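The sequence shown finishes on residue 103 if you use UniProt numbering, and the numbering steps up by one all the way, no holes.
We put the beta carbon where it would ideally sit given N, CA and C, even for glycine.
All values derive from a computational prediction rather than experimental measurement.
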Amino acid sequence: MTAPSKSFRDVKSVIKLNNYLNKKVYVKFSGGREVQGILKGHDAMSNLALDETEEFLRDPDDPDKLTDKTRSLGLLVARGTSVTVIHPVDGAEKIENPFVNRG
């Protein structure tokens, strides 16, 4: 006899995103896009609903570089499988990578 399978509703998320509801978060996606917006909702699969979302645009000459230009997306629903990084905007500080060789 096999044990009953769990539904996705029974899965507990490793990330405690409830702490960041209605707060501004920064999200990176597989494929390279980066956005920030106000976290309005999420589920156990890390699907996200962001409001007042802005996408950071990349330099057309160097796709690895972000420019200071943004594009307003408004309400964004993102599939959790495409999210690679998520962190709160408040309390975060960008630092130089100490492992990059600057020779």
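CA-CA distance, K23 to H87, rounds to 10 Å. For E55, the uninterrupted beta strand (DSSP E) segment begins and ends at L48 to R58.
Under DSSP, no beta-bridge partner is assigned to R33. Taking all protein chains in view, the Cβ of V27 is crowded by 16 or more other Cβ atoms within 10 Å, so the residue is classified as buried.
DSSP places G91 outside any beta strand (DSSP E), giving it a letter other than H or E.
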